[in-house]
Each structure stands twice: as C-alpha cells, then as structure tokens.
Amino acid sequence: MSQTYNANPTVFTASVHSFRQHDSDTLWLPHGNSPSDDEDEDTPIDAQEVFDLLRSITDPEHPLTLEELKVVSRDQVKVNGRMVDVEFTPTTPACGMANVIGLAIMVRLIRSLPMRYKVKISMTPGSHQHNAQVTKQLNDKERVAAAMEVDSIMESINTMLLTAGQRGHRD
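Here the sequence shown is numbered in the working numbering, starting from 41 and rising by one per residue.
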C-alpha cells in the first residue's frame with residue numbers, strides 16, 4: 041500500500057452512536073465466535089445492525105472510517121430475509137483499494153453474522169471504473185477464499201478491522 045489513490049479525501053462527520061434503541065438488541069459477535077445455524081434462529085437482523093458492524097472499519101489508506109469517508113452509509117445496506125446486500129462507494133473512480141475495502145466488508149460480515157445469512161457486496165453503479173469486475177470478484181466464493189489465504193491481504197484487512205465495533209467513533 042505504498043501508493044495513495046486519494047491523497048485528499050472528503051471527510052464527513054460520523055454519528056457517534058448507533059440508532060438502535062438498546063445495545064442488548066444487538067447480534068454482534070466477538071471476533072472468533074461463530075454461531076451455529078440453529079443458534080439465534082429467531083433473532084432478526086436489520087440493516088442498521090449490519091451498518092453498525094461496518095461503519096467503523098478503517099480505510100486502508102487513511103486513518104478514517106468507511107462511514108467518515110461515505111464509502112458505506114446506512115442507505116447502502118439492505119436486509120431481505122437471510123440476504124444481506126451491501127453497496128459501497130469508493131472515494132475515487134480509480135480507487136486501487138476497492139477490492140481490499142470490499143474484502144474487509146465481506147470478512148467483517150462473515151466473522152460477525154450467523155452462517156444462515158448470505159452476503160452480497162457491490163459498488164455503487166458508476167462509482168468505479170472497474171465496477172463490474174470488482175463486484176464479480178467480491179461475490180465469487182473461490183476468489184474470496186483465495187484472497188483470504190494471502191497473508192499480506194489479510195494483514196491489511198485485519199488492520200482495517202481493528203476499529204470495527206467502535207460504532208463510528210474512536211477513543
């Protein structure tokens with residue numbers, strides 16, 4: 041990551057708190073814990089909860105969150121039954137980190153959601169010069185699994201995820 045693709049990004053104000061009524065209503069799982077398919081079977085999940093999982097992921101090039109850069113917003117997350125759709129918007133049309141950002145979103149959701157949920161990641165139409173190719177790669181199980189076996193990629197993703205769970209604010 042020696043090349044910076046967007047040296048001067050626009051920064052937006054992140055919300056300090058979740059919009060959920062009670063923290064006890066959460067389905068968040070600590071890193072490393074994966075529920076079985078039958079656990080929490082009746083526990084619903086909504087788009088706000090998925091957004092709360094993603095909003096504080098750190099950008100790979102800047103010490104800012106995906107929410108602060110408007111890479112991910114609440115309106116870009118949809119939950120329909122067991123299908124979770126997340127759309128993200130790279131900060132520039134030529135962003136070389138789009139794959140890494142998409143993989144970080146995918147890894148965060150794989151680690152956090154019960155296995156019964158299927159996740160689809162896409163980029164906002166017209167937001168990236170290689171939108172179709174990146175979206176296809178992010179939703180190909182074999183390509184995602186292969187990328188997750190590359191130590192340098194996972195090191196970057198794990199660094200991005202260090203702030204995940206802070207709900208949009210850093211202490």
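Don't be surprised by glycine CBs; every beta carbon is placed ideally from N, CA and C.
Since the model is a prediction, treat every value here as computed from it, not as a measurement.
The residues S96, T98, in chain order, have a CB closer than 6 Å to that of T203 in the same chain once the five nearest residues on each side in sequence are set aside. For T98, the secondary structure class from DSSP, reduced to helix, strand or coil, is strand. Look at the beta carbons and you see the region 171-191 not touching the region 115-122: under three pairs across the two are nearer than 8 Å.
Per DSSP, the beta-bridge partners of T105 are T98.
Secondary structure within the region 124-202: the alpha helix (DSSP H) runs of 4 or more consecutive residues, fully enclosed, are 138-152, 171-178, 181-188, 191-200 (chain order). In this structure, D125 lies away from K176, with their beta-carbon atoms at least 9 Å apart. In the DSSP assignment, the residues bridged to K118 are D125. When the Cα atoms are used, Q88 and S192 turn out to be separated by approximately 31 Å. Note on G142: 16 or more other CB atoms within 10 angstroms of its CB, so buried under the neighbour-count rule.
Relative to the Cα of A134, the nearest Cα in the group G166, D115, M123, R148 belongs to G166.
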